[in-house]
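Scroll down for the structure; my scribbles are underneath it.
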Amino acid sequence: MEKILVTGGAGYIGSHACKALKAAGFIPVTFDNLATGWKDAVKFGPFEEGDLLDRARLDEVFAAHAPVAVMHFAALSQVGESMQVPGKYWRVNVGGSLNLIEAAAEAGCKHFVFSSTCATYGDQDNVVLDEDSAQRPINAYGASKRAIEDMLHDFGASAGLESVIFRYFNVAGADRDAEVGEFHRPETHLVPLILDAIDGKRDALTIFGTDYDTPDGTCIRDYVHVCDLVDAHLLGLTWLRAGKGSRVFNLGTGEGFSVREVMNRAAEVTGREVPTQEGARRAGDCTKLVSGSVRAERELGWTPRRSTLEHMVADAWKWHQSGHYEK
Ligand code: UDP
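Just so we're aligned, residue 168 is where the sequence shown starts under this note's numbering, counting upward by one.
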């Protein structure tokens, strides 16, 4: 069976990707430093502990497994933190990715699937965000991901490394069997924080800003179910292996929901109230990020099946209550 190197395979999205890769007949080899990932989430293939900043370790892993492709999920991904300690984001995300991309190119591994982000677009009022939109990130997280996109472009030209770049909108939900799910410490993402507030693991959800220029004053995001997202990665892999070349795809549904709308839906799905408090804006947050593109549907044949708020909250709630999820 062919191997795929999955950086960040012990993390939220990476672990779901490993499950999907195994189901598709590949061996997912997880490369993870366990800084934010969890060893217990590595269930679907071999584990290679290592750090992207350790180039020698990467070379060792490429030599040991000869992967036919890389899926690169490993990254620091908190918008707020990236504004406080930008150097960490540039070092880990950009420096780590440079090591990985060079190691892949030198090992002759020519196919690369990269997790980028809608945060590379920045705050663009009334603009439909498609893949050709200008990229003007307003936080260090988005800036670091844009730099990696540029890097992949350069390595495509010089080393023949072909990449599918996915610009994720907001990922939520969990595996339907609750084998894997979202588990960050500290947690910073909206849906798990709402569920924590609902079941008393935290006092209240703080709404970051109620004075945005949106109908209810809170930020709007486009939420995608993690299982739909990893389906797109499998299609991206097939795309590269069919020789279709490098391409960028947004992964969003095209529908935006405000923070309050997500809270209300979570209350409906769980049948419980969400204790909330209103707080200040979080530095680096864009007012609205919604995909305006159907390129992934049209070209990859991607169909988001579980990306309704109901499904995302219900699956996240099931995971939350599964016992895997501990305080
Ligand atoms: N958010 C919030 N309170 C929280 C965490 C997040 O109001 O405790 C808001 C945040 O300002 C953003 C949305 O929820 O508008 C999604 O934030 P998240 O951190 O989940 O993802 P991001 O959009 O930063 O990638």
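We put the CB at the ideal spot given by N, CA and C, even for glycine.
In whole angstroms, what separates the C-alpha of residue i from that of residue j?
i	j	result
Trp-486	Ala-324	43 Å
Cys-123	Val-196	Nothing can be reported for residue 123: it is not among the residues displayed for the chain, which extend from 168 to 494.
Leu-362	Thr-437	9 Å
Leu-467	Asp-452	30 Å
Ala-271	Ala-191	22 Å
Val-480	Ala-326	42 Å
Leu-357	Gly-254	25 Å
Thr-385	Val-426	6 Å
Pro-213	Ile-194	8 Å
Gly-446	Asp-370	14 Å
Gly-217	Leu-265	15 Å
Trp-406	Thr-470	15 Å
Leu-360	Ser-489	16 Å
Thr-355	Ala-274	36 Å
Ala-231	Thr-475	41 Å
Gln-245	Gly-204	14 Å
Asn-260	Met-238	14 Å
Leu-404	Gln-444	43 Å
Glu-477	Glu-316	33 Å
Leu-219	Leu-372	34 Å
Asp-482	Phe-350	13 Å
Val-252	Pro-353	16 Å
In chain order, what residues of the same chain lie with their CB nearer than 8 Å to the CB of residue i, ignoring the 5 residues before and after it?
i	result
Leu-319	Ile-268, Phe-279, Phe-281, Leu-328, Ser-330, Ile-332, Ser-413
Arg-151	Missing from the structure shown is residue 151; the chain here goes from 168 to 494 and no further.
Pro-304	Ala-286, Thr-287, Tyr-288, Gly-289, Ala-310, Lys-312, Arg-313
Ala-399	Phe-333, Phe-416, Leu-418, Ala-463, Leu-467, Trp-469
Lys-494	For Lys-494, the predicted model reports a pLDDT of 41, less than 50, meaning its position is unreliable; a value from the coordinates is still stated below. Closer than 8 Å at the Cβ level, and outside the excluded window around Lys-494, lie Lys-368.
Arg-408	Val-235, Ala-236, His-278
Lys-206	Ala-177, Phe-214
Asn-200	Glu-216, Gly-217, Asp-218, Leu-219, Ala-241
Under the assumption that residue i contacts residue j (Cβ atoms under 8 Å), give the Cβ distance between them as a whole number of angstroms.
i	j	result
Ala-307	Ser-249	4 Å
Gly-176	Phe-198	7 Å
His-491	Gly-348	7 Å
Gly-309	Thr-284	6 Å
Asp-389	Ser-458	5 Å
Ile-180	Phe-229	At roughly 22 Å, the Cβ-Cβ gap does not stay under 8 Å, so Ile-180 and Phe-229 are not in contact.
Asp-297	His-183	Asp-297 to His-183, Cβ: 26 Å. No contact.
Lys-210	Glu-346	7 Å
Near residue i, what residues of its chain come up, given a Cβ to Cβ distance below 7 Å and the 5 sequence neighbours on each side ignored?
i	result
Arg-472	Asp-395
Thr-381	Ile-387, Ser-425, Thr-454, Lys-455
Ile-365	Ala-433, Thr-437, Arg-439, Val-441
Trp-484	Leu-362, Val-436, Thr-437
Arg-222	Asn-266, Ala-270
Asp-383	Ser-425, Arg-427
Assign residue i to buried or exposed, taking buried as 16 or more other Cβ atoms, counted over all protein chains shown, within 10 Å of its Cβ.
i	result
Arg-465	exposed
Glu-215	buried
Gly-423	buried
Gly-410	exposed
Val-393	buried
Ala-301	exposed
Val-173	buried
Ala-339	buried
Ala-242	buried
Can you list, in chain order, the residues of its chain whose CB lies under 6 Å from that of residue i, leaving out five sequence neighbours each side?
i	result
Leu-402	Leu-467, Trp-469
Val-235	Glu-169
Leu-109	Residue coverage of the chain in this structure runs from 168 to 494, which leaves residue 109 outside it and unanswerable.
Tyr-335	Thr-284, Leu-418
Val-397	His-183, Ala-184, Ala-187
Asn-337	Arg-388, Tyr-390
What is the chain-ordered set of residues for which the beta carbon lies under 6 Å from any non-hydrogen atom of ligand 1? Val-246, Asn-337, Thr-355, His-356, Leu-357, Leu-360, Leu-372, Thr-373, Ile-374, Phe-375, Cys-386, Arg-388, Val-426, Arg-449, Asp-452
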